[in-house]
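Report on the following structure.
2 protein chains.
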Amino acid sequence: MIQALRGLFPFLEWGSRYSRQTLLSDATAAVIVTIMLIPQSLAYAMLAGLPPEVGLYASILPLVLYAVFGTSRTLAVGPVAVVSLMSAAAVGSVAAQGSAGFIEAAILLALLSGGCLLLMGILRLGFLANFLSHPVISGFISASGILIAVSQVRHILGVPAGGHNLLQVASSLIAGLDEANVPTAAIGVTSLAFLYFVRLRLGSVLEMLHMPAGIASFVVKTGPVFAVVGTTLATAFWALDVKGVAIVGQVSVGLPSLGLPGVNLDLVKQLLLPAFLISLIGFVESVSVAQTLAAKKRQRIDPNQELIALGSANLASGLSGGYAVTGGFARSVVNFDAGAETPAAGMFTAVGIGFATLFLTPLIHYLPKATLAATIIVAVLALIDTRMMRETWRYSKRDFLAMAVTILLTLGVSVEAGVASGVLLSVLLHLYRSSKPHCAIVGRVPGTEHFRNVLRHKVETCPSVVTLRIDESLYFANARFLEDQVYALIADRPELKHLILMCPAVNEIDASALESLEAINHRLSDAGVQFHLSEVKGPVMDRLERSDFLVELSGQVFLSQHQAYEMLVRQNS
Amino acid sequence: MIQALRGLFPFLEWGSRYSRQTLLSDATAAVIVTIMLIPQSLAYAMLAGLPPEVGLYASILPLVLYAVFGTSRTLAVGPVAVVSLMSAAAVGSVAAQGSAGFIEAAILLALLSGGCLLLMGILRLGFLANFLSHPVISGFISASGILIAVSQVRHILGVPAGGHNLLQVASSLIAGLDEANVPTAAIGVTSLAFLYFVRLRLGSVLEMLHMPAGIASFVVKTGPVFAVVGTTLATAFWALDVKGVAIVGQVSVGLPSLGLPGVNLDLVKQLLLPAFLISLIGFVESVSVAQTLAAKKRQRIDPNQELIALGSANLASGLSGGYAVTGGFARSVVNFDAGAETPAAGMFTAVGIGFATLFLTPLIHYLPKATLAATIIVAVLALIDTRMMRETWRYSKRDFLAMAVTILLTLGVSVEAGVASGVLLSVLLHLYRSSKPHCAIVGRVPGTEHFRNVLRHKVETCPSVVTLRIDESLYFANARFLEDQVYALIADRPELKHLILMCPAVNEIDASALESLEAINHRLSDAGVQFHLSEVKGPVMDRLERSDFLVELSGQVFLSQHQAYEMLVRQNS
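Quick mapping for you: the protein sequence lines, in order, are chains A and B.
Add 49 to the 1-based position in the first sequence for my numbering, that's all there is to it.
Add 49 to the 1-based position in the second sequence for my numbering, that's all there is to it.
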């Protein structure tokens, strides 16, 4: 009972051992993450097509809920790039950007996604995330990075543009190029150059200046804040907004109020599939970050409890006027590096963002959108993983195909089409492969009890006793293939008297395959060939004993291939 | 070249050796099949909601095309019960029964289905049929049998009724019960009783009367013809049609004319999915009949060529005013038993049906629909396979689940929902199972080189060297599961120094699983444990050599588990 309660509320575990020292570590980390999260929240809200305060709202209550339910000690949740892009695409297909309906739909999407996650957690469906293969996720994230970066160019140049895939975005960008605004472009390009300098060079410059490594790393992490402050001051000072620089403008002051949006069943239906995909992608991204960080401290993550934690965080986000959130990579790493020891750091961060929402929003009135776009571009270009693409190409063409289709469809059609087709294709490719399994005729490696492929190794064989090793579970997709293999084998060998099917790789024989084995046994009997099995696994044997197959089998079932071969060869010589 | 031509036109093979003796056998079989096929064609056309002549048209040209392209010597194609039901359901959703649009849509469906089959044959996609597992097909055919039988009761009683699932059909039957027509019911029930007597008892009665077995079997097979002739004469004699008995009525005389129906793209779109499902079901049914019969004579079937043959047959059916056809079980067995030796028997049958279309159609004017319904009911009740249901339940609950869902949805929703969900569910269940594979810690069976599960066998083990055997290919769906298993294992065993992953059942390691293995290797190194592999299959090893994994591996890859265990235990003692 207490164990179950601790499972559901992990904070009971770490909370009971909370010390002053831990408090200090957590609070320090919270300050750093807060400074980093403010511009990120504003920028990702813009990417999702939402007013800036929605991004801040999504960074308050969800953090508290994750701290209560989450199993990772250092994961930092909030708005992230890929989920913001997916939210923009989903909501954009049901409401016009800038309308009240758009915000309501984004909130509904967060609630639906929270519901999906919570349901999956309660039903312990965390394994569903396994169907997103690494190449598909990696391809999807890289493609999203490209798409996001290109979509933000319009803010950098100040041209009107839009669209849900690369073609639409690029062509509307080119069409709008005449209308580019010079002051906006100046701010945008300068911010980009500054942020790249901070990211790539500032560290070594500070090192050369003998700044202590801890402070230097802090300065590098807060780079976006300098850009935000600098460009906001410049815009306010020269009144650049009058010269056409798009600014954040009026932001609602104060904490979010709790409440449900009006629920429209038709809208729910339209948003359900995108909500599910967002849940899946958000969950996979979040869990892999959490696992990477947990492994460094030998802690463990419970994926099903993570579903409950992320589900609660998204419900909280929706109820407090925010949009879909998940665990972010960059900010979690910062949180970890800054020394966060427990999820309390997340609660403190929530307090920090709450303060910002109360007191800092008037100060960002003059913040140019171009600066936010620059911070997004710098962040998402790091998501593009060309090394993974090269390695996958080298290792497996089939995995690369799934990855390439995911990338092409994400860029060329839509984010949803990209993920969905990636998952579908990897499942189909897996099924296709296992429907034509590897088979080998094996012989004995001289002087051992070991049997290997006659084509790859020098082995002993006997013409009247042939052993076929099938390297796959036998199930509906390959049952007929096995029959074909066996019939071809006996057709070529008139001297054959015993066929041994060696099953070390057979982990299941389903009802379809059982019928095929019965057919093989029957047909071999007609041809005067005895049919034997060897090395059948325990669970498979248990199952076979429930059918009539073993009674009808013309030969025997041998524990080891060695016994089978010894006995049958001796009989026949 | 000649080989390829013979592959595409199998008649070149058997045609070159055609003799007078073979001609006689084929012609005799053709006469018997023709007599059986006439009432069947009329009945199944009625089941499909089509005029009787459409059933006859579907039994002429398609037989000729199958004879040219088919690889089975004895398969008899034409209208069959399950495909007729599926055709009725698909066409009924786009046009009203009895309208000209209904016939046109049924013809279009046959053309689309022919196109699907032909395309699958050209692309050599015959393996797709493997995804229909035996339990799903068996469940679907049984459920279709029930649905067809119940739907024909309305013709037996002469009440108006309809619907696409059991609930709809049954409730409309009950609602219409008041309007039952007494003479119709008399004919229907008598026909049913007579046909059951012929099927179940007539054989033994004739045997008691010392009739030669060949003739007795012929008499039993022609039972439906007696019912047809008897009830037609009775209806004509007493003018029962005036008393409310529904009759076949006016049938177009003459051979079908060739031509394409008007093509409506919208209609094509709506019928494409049903056409694909009909193709798949028809193909599976036909190939399994053909394979069963071919096996008896040690002949072989080429599934991809069968796709081309059935595709051509369906195109021919559509072009000559017929509807979807496939290989039928009952008539193929009759053809086989009657001594058909080559597909020429099919051509002769086509000539026979052509004759009937030219000269016999006026004679069936008074044929009561109740008689046709009785022949359908008797034929389809034989499709219900309760033995298969019991055996599947006993053998595998998972397979039974797929079967039960197929049956329930076919009966309760629609035939398409039944097949589609059966296929989807069996794939999902397979994936779910392989995402949580069987794992075992193994030890050596004393005195052998054989390693088995420590929980099932008395084996030797060593605390510092642990071997984990994973009984499944490693791929995206179970990569994370493997990691969890390994981490749990090392957490429980502080004395562990060497972990051997025994891979005799690992037939593939995809890119996702490779990443997991890299992570495991890395984490075990941190914990001071060496990671080894044993019994890695050749193709898997080839692939691993293309990655950096083998370079980074802290331990070794051993050819056999025996070598690995010997060496590592000796090192540590």
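Cβ coordinates follow ideal geometry from the N, Cα and C atoms, glycine included.
Whose Cβ in chain A lies nearer than 8 Å to the Cβ of residue i?
i, result
"Thr-441/B", "Ala-560"
"Arg-592/B", "Tyr-444 and Ser-445"
Would DSSP call residue i helix, strand or coil?
i, result
"Arg-248/A", "helix"
"Gly-127/B", "strand"
"Ser-583/B", "strand"
"Val-606/A", "strand"
"Glu-594/A", "coil"
"Glu-390/A", "coil"
"Leu-375/B", "The sequence as given places Thr at residue 375/B; Leu does not occur at that position. In the structure shown, Thr-375/B sits in a strand (DSSP, three-state: E or B)."
"Leu-134/A", "helix"
"Leu-174/A", "coil"
Along chain B, which residues have their Cβ under 8 Å away from the Cβ of residue i?
i, result
"Asn-179/A", "Ser-484, Phe-525, Ala-526, Asn-527, Ala-528, Arg-529 and Phe-530"
"His-499/A", "Glu-498, Leu-608, Ser-609 and His-611"
"Val-621/A", "Looking at the sequence provided, one finds Asn at residue 621/A rather than Val. Ordered by position in chain B, no residue passes the 8 Å Cβ test against Asn-621/A, which lies about 23 Å from the chain."
"Ser-596/A", "Glu-440, Arg-443 and Tyr-444"
Span of the alpha helix (DSSP H) holding residue i?
i, result
"Gly-492/A", "Gly-492/A -> not in any alpha helix (DSSP H); beta strand (DSSP E) instead, spanning 488-493."
"Asn-502/B", "First-last for Asn-502/B: 500-502, but that is the beta strand (DSSP E), not the alpha helix (DSSP H)."
"Leu-157/B", "149-171"
"Trp-63/B", "60-64"
"Lys-446/A", "446-461"
"Ala-386/B", "Going by the sequence as given, residue 386/B is Asp instead of Ala. 378-386 is the extent of the alpha helix (DSSP H) around Asp-386/B."
"Tyr-614/B", "610-620"
"Lys-418/B", "418-430"
"Thr-83/B", "69-96"
"Met-396/B", "393-408"
"Tyr-481/A", "464-484"
"Ala-144/A", "Run containing Ala-144/A: none; DSSP gives neither H nor E here."
"Val-103/A", "101-106"
"Lys-507/B", "Note, Lys-507/B: premise wrong, no alpha helix (DSSP H); not H, not E."
Could you spell out where the beta strand (DSSP E) holding residue i opens and where it closes?
i, result
"Arg-518/A", "514-519"
Considering only residues of the same chain and omitting the five flanking positions on each side of residue i, which have a CB-CB separation below 6 Å?
i, result
"Ser-366/B", "Ala-107, Pro-111, Ala-159 and Val-374"
"Ala-210/B", "Arg-203, Ser-221, Leu-222 and Gly-225"
"Pro-59/A", "Thr-120"
"Pro-232/A", "Leu-289, Lys-292 and Val-294"
Report the neighbours of residue i on chain B: residues whose CB is nearer than 7 Å to its CB, in chain order.
i, result
"Pro-553/A", "Pro-553 and Ala-554"
"Arg-493/A", "Residues of chain B passing the Cβ test: none, with the nearest at roughly 11 Å."
"Leu-563/A", "Tyr-444"
"Asn-502/A", "Gly-587"
Mind pulling the chain D residues with CB within less than 7 Å of residue i?
i, result
"Ser-574/B", "In the structure shown, chain D cannot be found, because the protein chains are A and B."
Run down chain A in chain order and give the residues with a C-beta less than 9 Å from the C-beta of residue i.
i, result
"Gln-204/B", "According to the sequence shown, residue 204/B is His rather than Gln. The premise fails here: His-204/B is roughly 35 Å from chain A at the closest Cβ pair, so nothing lies under 9 Å."
"Pro-588/B", "His-487 and Asp-520"
"Pro-627/B", "Chain B is shown only over 50 to 622; residue 627/B falls outside these bounds and no answer can be derived."
So, for residue i: in the same chain, excluding its five sequence neighbours on each side, which residues have a beta-carbon less than 7 Å away from its beta-carbon?
i, result
"Val-208/A", "Leu-222, Gly-225, Leu-226, Glu-228 and Ala-229"
"Ile-186/B", "Val-333"
"Phe-180/B", "Val-472 and Val-476"
"Val-199/B", "Leu-215, Val-218 and Ala-219"
"Leu-668/B", "Absent from the structure is residue 668/B, since the part of chain B shown begins at 50 and ends at 622."
Starting from residue i, find everything on chain B with Cβ-Cβ shorter than 9 Å and list it in chain order.
i, result
"Ser-583/A", "Residues of chain B passing the Cβ test: none, with the nearest at roughly 11 Å."
Quick one: residues in its chain with C-beta nearer than 8 Å to the C-beta of residue i, no 5 flanking neighbours on either side, listed in chain order?
i, result
"Val-269/A", "Val-247, Arg-248, Leu-251, Gly-252 and Leu-255"
"Glu-521/B", "Ser-483, Pro-486, His-487, Asn-527, Ala-554 and Val-555"
Note down, in chain order, every chain A residue with its Cβ under 7 Å from the Cβ of residue i.
i, result
"Phe-325/B", "By Cβ distance, chain A contributes nothing, its closest Cβ being about 16 Å from Phe-325/B, past 7 Å."
Length-filtered (3 minimum) beta strand (DSSP E) runs lying within the segment 532-579 of chain A: 547-551
Every unbroken alpha helix (DSSP H) inside the segment 182-251 of chain B [4 residues or more]: 183-206, 215-224 and 231-246
query: At what residue ranges does the segment 285-360 of chain B contain a whole run of the alpha helix (DSSP H), taking only runs of 4 or more?
result: For the segment 285-360 of chain B, the full-length alpha helix (DSSP H) segments reaching 4 residues or more read 314-345 along the chain.
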